[in-house]
Structures are given as structure tokens and as C-alpha cells.
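A short write-up of the structure that comes next.
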Amino acid sequence: MTSQVSSPAEQADGTDETVVGAQRKPVGTKDVRRLDRVIIRFAGDSGDGMQLTGDRFTSETASFGNDLSTLPNFPAEIRAPAGTLPGVSSFQLHFADHDILTPGDAPNVLVAMNPAALKANVGDLPRGAEIIVNTDEFTRRAMQKVGYDTSPLEDGSLDGYHLHPVPLTTLTVEALKEFDLSRKEAERSKNMFALGLLSWMYHRPTEGTEKFLKAKFAKKPDIAAANIAAYRAGWNFGETTEDFAVSYEVAPAATAFPPGVYRNISGNLALSYGLIAASRQADLPLFLGSYPITPASDILHELSQHKNFGVRTFQAEDEIAGIGAALGAAFGGSLAVTTTSGPGVALKSETIGLAVSLELPLLVVDIQRGGPSTGLPTKTEQADLLQAMYGRNGEAPVPVVAPRTPADCFGAALEAARIALTYRTPVFLLSDGYLANGSEPWRVPDPDELPDLAVRFAQGTNHTLDDGTEVFWPYKRDPQTLARPWAVPGTPGLEHRIGGIEKQDGSGNISYDPANHDFMVRTRQAKIDGIDVPDLAVDDPDGARTLVLGWGSTYGPITAAVRRLRTAGVPVAQAHLRHLNPFPANLGEVLKRYHKVVVPEMNLGQLATLIRAKYLVDARSYNQVNGMPFKAEQLAAALKEAIDD
């Protein structure tokens, strides 16, 4: 028996369409419908465990074999005001039986744990979406706190949706009555009840979550048992209640991935693994000097767990101390890293300039967030590009690399390390909050696929003076890369000066000579300009006249929007930059091929400014700075307007 699903599902990575031809098969008295994709959003107070709930649902979805993309969204406060709109925390998951690129534009299912969660998110829902609400929280006081004069569950305002009122708190407390828990303690497990219900609705595996709960609460077995009981109760509720007459299946994305071993991974975790892999490939100890800052702190937390791989982490007293320690580690022969966000980059700028002068490898990882100043700590933005390019005194050029997806953070970390080690320079790695906290499947690479990053330290003298004396010159350069030798302190005969005062070419002695300074400034710039980066690849199957050029985390929304336009018969080309300094050598030639160039960015046009200045191309900006990633539908409409203009 086949049927068409009645509620529309917005196709995030193709055209807007309903899911047709959905298969339905009876299981007992309940039907199972097969869908090709679903977007679910969990929402509640920041203390309701929505991030944990979403993360667990994501993990089970990944183990099932679906392609997926996630969007965690939470307040900056550790415990935001309960029951208020600013205190709402949400987690959106888009999963499918085919290749997808974004967390989706609009949820098909909203789980709202209280009135604030409903009000903050209902405006994003398409008509016909399913809403599961915790009716126990819809008290008069809670509703008035967010501006509801009457109950939205009763006043008809939700008639355009499939509403499922569920007393989640009451059901959870009832399910845990055999446990020696207070009511307040029992209520904390209502997120597990909701997770169990959604796991039943979408046929998610359960073993992984139960194993996770046992491990998480290994020292509190009663709490572990209670959470597992709540989880199972939610599953059983879905199976037995008449309110949920249908469950859904989304088949594994069997054709979306090349063969290999996969795991779900967030951007910060992938970046951490990339740094570890780089240190192993370079046969160098990894040193992280860092100060905690959202959204970069996860990297410090993760790397601190890998001492067995020669990783040393140092949580400094401030941002300046963190990068100072990292630069010292670079001088000592380590693969040195400092992690931060935009406000921390401002504090680190003097030491980054020192690293440029010393010409030592250093990775500066900037997980961008909304600014300026403290700005929006938990929201995403791409507004640090010009800061990375120019945010230092003097002529202090630094390479800039940007990953495009959460999984791509692994490869971007390896590439940043390659450049830093090969060319003896600090390198900016520009991720952002969207990539850092979002997740997707990642194919675990074979070690043979990783690049060889082996480093040759200076071992002896490298220059002969006019009188025949053999000496070590710390600024005698490799003719191909213009990199200076890297001498580990303590190597006999290789003692040399370091410091921020200008060096004499070759000898490294202090020099105030104008001609020498001019030469050193131009040489440092030439070294960056000469970095070997791959040519820019262009996706243009139809000979389009318009090119969409992006960088960083806009890759998913741009690609989804381009797919929509092509499906509608609109020819459009796409290219995405990983290397922002230096640009790929063929970028100028690529730009000249197209009548129009559109640059979508989560800033006010920083890449477009660089493109206009360097290539004299009238690049058109499409900008958004609301702390959220682009939506594919919104971007497709903007691109279509630019094409038709």
C-alpha cells in the first residue's frame, strides 16, 4: 500500500516538494511511513537537556547510516532565565536517505518542552508540521511570562499544525515512581522520555543511548537506571498511545557515501583530531596554549585527553599568555597551536606579529562568533576575515585557511599545519560556531592517505664567511619556499638571537638599516605570496554566466541553493575558497569568465571587498549577520534575483 504524505516537507537541498510515494506498512495496529528526509528540532529551557537529547538522537541516526547535519542553538548564559524567550535552547537535526548539506530550513517536527520554546520556534514551522508539547508546563504563569494571554493549545492558533499534547513531566514522574527519587529529580529525566518517544517515531536504534547513559552515570547507577527507564517509557508511550498512529522510517543513505568507516563528528572534534594527526605526520609533539573562550573551548577539552599521543595542553591565565606559551613551544620544536575566538585574536595580535618576525610555525585557530567585543558568544558569524588578514601593526602577512563543513575541519587542520611547517609562518585557521558545534558523518581516513609533514631541523652550520669561517645563519632561506631554518634550542653551534626587532637578512643580527628593512618586509610578503595552494575548482555544468563564490561555512547553504536553482532550470556556477591568503593562482582567471560574481557571507562583505580590491571585479555581496547560518530557500531566492537583475 502506498500513499502520499499529507504534510509538506521542504526539500532543503533540492526543490520544495512533498515527499511522494511514501511507503506505508502495518506493524500491529500502527502504520509505518517511509520518508526520504526529516528535520526535527528539540527546544526547551537551557536546563532541560536539549543539547544532550539532540546529540543522542544524532548519534543513533549516524549509527543507523543516514546522512545528517545538525544545528545546536543555545543561550550564552550558563543557566539562562527559566521559562523566558532568551533562555530557550534548541537542537535541530536534518537526516535523510541521500546526500544533504544543511541542517534544513524549517523543521517538520518541533518538540517544545514549555511555552517559551513553542513561542520562540513556532514561527519557523511550515504549515502541517508536527508539534509535540509538554502540556504540564503550560501553566498560566508560564504562558504569561512569554506573552500568551490564552493557551495556544486551546485557542486555535495551532490549527494549521499536527499538535500532539503530551504530559511529559507527569508521565516521566509516573514511570520513575519505583525509584528513590524526589519529584524534582525525576522531572529531570523528561528529556529522556521525549528522546524515547522520538526514537520510536523514527525507528532509531536504542542500544547506543542506553549504553551511553550507563557510562555517563557509572558512578550513580540509580540515576542511570532512572534515565534508561524514562527513555524506555517514552518509547513504549509512542508504541501504545492512540495519539501517535503512525511512525516513520528514513532509510540509510546507502548511496551518499563512498565505502569506508564513518562516524558522526562535530567541527571542533574534527579539528582536534586533525591537529593530532598533523603532529603525528610531522613527528612533532603537539602543544596547545589556550585560554577558554566560547566556541573554541571544546578543542582545549578534547586535546587535554590525548596525552598518549604526545599532546600537551596549557590552560593559561589569559589569551596573551596562551599564545606566548605556544610561540615558545614553536621555538622549542613543537607543532604549536593556540585556540580562541574573535575577542581573543585581538589580544593575541602583538604575539602573532612577533611570530611573523621570528618566522616560526604557529597555528592560530579562530572559531568565529558574533561580534564586536563580547557580541554574541554562542552565535555564528564570519566577520574575522579582515582581522585575520590585517589585524596587526606593520606589514605582517599571515596565511589564512578556512574549512567548509564540520568534517572538513580535519583536513583544514592538516593543511594549515602543512603551510606553517613548510613555510615557517603563523597560519590562521578560520572556523566558526556553526561548524564548531554542528556535526555530520565523517569518513575516517586511512593513515596512508594523510600527507607527509616531516620536518628537517637545522643540524649544523649553513654559511661560510669571507674569512672561511663556518657559521649558522638563522635567516638564510630555502630558495624554493623562502623559509628560514628551524633550529631547536640547545643544538650545539646553532645559537642565535630571537626577538621582535628587525633582523638583518641572513645573519639575524639586529638591523635598523632602511634598505634591509625594505628587503625583509618584501621577502616576508613574497614568502606568503609564494605558498603552493591548489587551483580553485569550479562547478559549472551548464556554462553559466553567474558565479557564486563563497568561503568557510557558507558552503552547505550555497550548494543547497545552487542545487535548487539548477533543478528549476537556472544555470549557475559555484566555487568555494579554502585558501584566503594567498588566493589560488587561478582565481583571477576564474572571476573573469563570468558576467556576474555573487559572494554570500555572514558579515558585511569582507571577502567581496578583498576580491574587488585585488581583481577589480564588481563582486556583489549578499550578507547576513543575525547569528544564524543562511537558509537555502532564502539564498536561492537572492541568487535568482541577482541572476535576473
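The numbering of the sequence shown is this note's numbering, which starts it at 1189 and goes up by one.
Backbone N, C-alpha and C define an ideal beta-carbon position, used for all residues, glycine too.
As assigned by DSSP and simplified to three states, the class of residue i
i: residue 1388; result: helix
i: residue 1521; result: coil
i: residue 1821; result: helix
i: residue 1569; result: coil
i: residue 1703; result: helix
i: residue 1501; result: strand
i: residue 1735; result: strand
i: residue 1279; result: strand
i: residue 1545; result: helix
i: residue 1435; result: strand
i: residue 1815; result: coil
i: residue 1492; result: coil
i: residue 1620; result: strand
i: residue 1716; result: helix
i: residue 1561; result: coil
i: residue 1324; result: helix
i: residue 1239; result: helix
i: residue 1794; result: helix
i: residue 1296; result: coil
i: residue 1210; result: For residue 1210, the predicted structure reports a pLDDT of 37, less than 50, and the residue's modelled location is therefore unreliable. The matter cannot be settled from this model.
i: residue 1586; result: coil
i: residue 1359; result: helix
i: residue 1218; result: strand
i: residue 1827; result: helix
i: residue 1262; result: coil
i: residue 1428; result: helix
i: residue 1415; result: helix
i: residue 1602; result: helix
i: residue 1202; result: Unreliable placement is indicated for residue 1202, whose pLDDT of 43 sits below 50; no coordinate value is reported for it.
i: residue 1315; result: coil
i: residue 1251; result: helix
Cutoff 8 Å: residue i Cβ touching any chain C Cβ
i: residue 1540; result: No chain C appears in the structure shown, which is made up of a single protein chain.
Contact belief for residue i with residue j at Cβ below 8 Å, rounded distance in angstroms
i: residue 1263; j: residue 1280; result: Their Cβ separation, rounded to whole angstroms, is 16 Å, which puts residue 1263 and residue 1280 out of contact at 8 Å.
i: residue 1752; j: residue 1672; result: Actually they are not in contact, since the Cβ atoms of residue 1752 and residue 1672 sit about 50 Å apart, beyond 8 Å.
i: residue 1396; j: residue 1627; result: Residue 1396 to residue 1627, Cβ: 15 Å. No contact.
i: residue 1282; j: residue 1319; result: Actually they do not touch by this definition, with Cβ atoms about 18 Å apart.
i: residue 1582; j: residue 1537; result: So it is not a contact: roughly 11 Å between Cβ atoms.
i: residue 1624; j: residue 1454; result: 7 Å
i: residue 1462; j: residue 1597; result: 6 Å
Cβ shell of residue i (< 8 Å), same chain only, five flanking positions each side left out
i: residue 1413; result: 1367
i: residue 1335; result: 1307
i: residue 1215; result: Note on residue 1215: pLDDT 44, under 50, position unreliable in the model; no value is reported.
i: residue 1745; result: 1289, 1290, 1788, 1817, 1818, 1819, 1820 and 1823
i: residue 1723; result: 1772, 1773 and 1774
i: residue 1813; result: 1558, 1569, 1571, 1790, 1791 and 1792
Other residues of its chain near residue i: CB distance less than 7 Å, five sequence neighbours each side excluded
i: residue 1758; result: 1828 and 1831
i: residue 1743; result: 1592, 1593 and 1764
i: residue 1682; result: 1646, 1660 and 1675
i: residue 1465; result: 1602 and 1638
i: residue 1604; result: 1551, 1589, 1615 and 1617
i: residue 1132; result: Residue 1132 lies beyond the residue range present for the chain, which begins at 1189 and ends at 1833; the question has no answer from this structure.
i: residue 1719; result: 1587, 1607, 1611 and 1770
i: residue 1641; result: 1466, 1469, 1470, 1605, 1606 and 1609
Among the options, the one whose alpha carbon lies nearest that of residue i
i: residue 1824; options: 1267, 1803, 1755 and 1684; result: 1755
i: residue 1299; options: 1285, 1277 and 1293; result: 1277
i: residue 1238; options: 1749, 1301 and 1272; result: 1301
i: residue 1524; options: 1614, 1269, 1721 and 1643; result: 1614
i: residue 1232; options: 1241, 1777, 1621 and 1708; result: 1241
i: residue 1503; options: 1527, 1518, 1516 and 1228; result: 1527
Residue range of the unbroken beta strand (DSSP E) whose run includes residue i
i: residue 1668; result: Premise fails: residue 1668 is in no beta strand (DSSP E) and is neither H nor E.
i: residue 1763; result: 1761-1765
i: residue 1661; result: Looking at the DSSP string, residue 1661 is not in any beta strand (DSSP E), and its letter there is neither H nor E.
i: residue 1630; result: 1627-1631
i: residue 1231; result: 1225-1233
i: residue 1687; result: Looking at the DSSP string, residue 1687 is not in any beta strand (DSSP E), and its letter there is neither H nor E.
Own chain, CB closer than 6 Å to residue i, minus 5 neighbours either side, in chain order
i: residue 1696; result: 1662, 1663, 1684 and 1685
i: residue 1800; result: 1807
i: residue 1378; result: 1356, 1357 and 1360
i: residue 1253; result: 1440
i: residue 1542; result: 1688
Delimiting residues of the alpha helix (DSSP H) encompassing residue i
i: residue 1338; result: Careful: residue 1338 lies outside any alpha helix (DSSP H) and carries neither H nor E.
i: residue 1462; result: 1455-1470
i: residue 1775; result: 1775-1780
i: residue 1750; result: 1743-1755
Distance cut-off 7 Å: residue i Cβ against heavy atoms of the ligand FAD
i: residue 1812; result: You won't find the ligand FAD in this model; it holds no ligand whatsoever.
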